[in-house]
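Residue numbers for the sequence shown, in the numbering used here: 1 to 340.
We treat Cβ as the ideally placed atom computed from N, Cα and C, and that holds for glycine.
A short write-up of the structure that comes next.
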Amino acid sequence: MKVLRFFLFPFAILYDFVTKIRNLFFDVGVFKETSFKTPIIVVGNLSVGGTGKTPQIEYLIRLLQNRYKTAVLSRGYKRLTKGFVLVRDIHKAIDVGDEPLQYFKKFKAISVAVDANRVAGVAKLINEQNAEVVLLDDAFQHRKVKGSFNILLTKFNDLFVDDFLLPTGNLRESKTGAKRADVILVTKCPNDLDQSSKAKVLKKLKKFDKEVFFTTISYGNKVLGSKEFSTTDIANYEVLLITGIANPKPFLEFLSNLNVNFKHLEFADHHHFSEKEINDIKTNFDDLPSNKLLLTTEKDYVRLHDKLSDLCYLPIETLFLNDSKNKFDTLINSHLKEKV
């Protein structure tokens with residue numbers, strides 16, 4: 001794979017040229033950016049997938065939902081519907097995408113919608129749902145909506161500054177795109193991040209002159225789904241693990257640290273499971289010895305729970321490190337106080 005990416009280097013140069021021209025046209029006004037009086041908080045990345053956008057959106061929902069009429073807009077990746085859809089109880093992941101459905105099911109006080117046309121989608125949420133703040137999921141490159149506050153995510157062990165443009169690397173656009181961010185969140189850090197490692201990251205990001213925060217993934221203390229029990233008790237089960245996310249490695253490491261004996265069936269990110277695949281999963285699960293557990297991620301659970309009756313999941317949350325939570329929360333609240 002690395003050899004193939006090396007030979008695709010000329011296409012990466014072409015891709016870089018195209019994305020830079022596109023961004024220049026937005027910067028000078030050839031392409032229109034639409035601004036709204038309502039604050040628009042953009043969460044996104046420069047890389048392809050797996051930086052922790054979903055738990056970060058959920059963090060913002062928890063922070064804001066009791067103070068502002070909050071809405072989330074996503075494009076609804078891999079959905080089969082078209083146009084603007086306001087997520088309702090009747091919808092499944094195939095209708096609106098797994099992440100929007102997850103937001104809707106967890107947070108009943110907010111509005112969740114999908115629309116590939118971000119401008120039209122934001123306008124509908126403001127005008128029809130009376131949204132006071134809109135969270136744009138995975139929209140850092142979708143510049144037709146001008147965010148009032150832009151949050152850029154980058155993984156600790158795969159910083160955008162160390163990467164290269166597609167298809168040679170995983171960047172969607174040049175590293176200079178980070179200049180549009182208001183803050184940079186370094187995600188999926190080790191829980192015991194030391195000052196030396198933190199300093200190395202800050203040195204690499206210094207040239208962008210942005211406030212930098214360090215976060216990690218915090219796994220829930222309870223397994224949920226068809227049964228509910230303490231996370232530490234997963235080790236008592238023979239586990240069949242199903243994942244369809246961009247980067248399952250942290251989850252695998254977490255289970256290994258709990259001394260869990262598991263078999264892993266890995267699928268592509270946002271994978272929609274066929275009937276044959278579901279039957280294969282059931283067969284693999286039936287083949288396990290007694291006291292077995294069918295486990296998946298929270299995002300995969302949204303797509304699978306109506307097909308696998310024994311399914312459980314482990315929820316995750318974003319956790320800010322180095323006592324920086326209050327500083328980040330104050331930054332967001334101060335921004336909204338000026339706008340709302």
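One Cα belongs to E298, the other to P190, and the distance between them is close to 21 Å. By alpha-carbon distance to E128, the top candidate from T70, A181, D182 is T70.
Within 10 angstroms of the beta-carbon of K207 lie fewer than 16 other beta-carbons, which makes it exposed. Between the beta-carbon of K20 and that of S174 there is about 6 Å, and that keeps the pair under the 8 Å contact cut. Bounds of the alpha helix (DSSP H) holding E253 are 249-257.
D280 and L265 have their alpha carbons spaced roughly 10 Å apart. With fewer than 16 other beta carbons inside 10 angstroms of its own, V340 counts as exposed. Contact between L152 and N45 holds, since their C-beta atoms are separated by about 6 Å, short of 8 Å. Comparing alpha carbon positions, the residue from G97, V119, A131 closest to H142 is V119.
Across the set K327, E277, K155, the C-alpha of K155 shows the shortest separation from the C-alpha of P250. A distance of 8 Å or more separates the beta carbons of I316 and P100. At a cut-off of 4 residues, the continuous stretches assigned as alpha helix (DSSP H) that sit fully inside the stretch 145-227 are 195-205. In the three-state scheme derived from DSSP, where H, G and I count as helix and E and B as strand, H91 is classed as coil.
For G44, the pairing in a beta bridge is given by DSSP as L152.
Counting along the chain, the unbroken alpha helix (DSSP H) around I13 starts and ends at 9-28.
Residue burial is scored here from C-beta neighbours: E58 has at least 16 other C-beta atoms within 10 angstroms and is therefore classed as buried. Proximity of the stretch 318-333 to the stretch 236-253 falls short of the contact definition, fewer than three beta-carbon pairs being nearer than 8 Å. Going by DSSP, F36 is part of no alpha helix (DSSP H) at all; its letter is neither H nor E.
Between I94 and R75, the C-beta spacing is not below 8 Å.
Take E228, set aside five residues on each side of it, and the residues of its chain with a beta-carbon closer than 7 Å to its own are K222, in chain order. With fewer than 16 other Cβ atoms inside 10 Å of its own Cβ, K37 counts as exposed.
Burial is judged here by how many other beta carbons sit within 10 angstroms of a residue's own beta carbon; S334 has fewer than 16 and is exposed.
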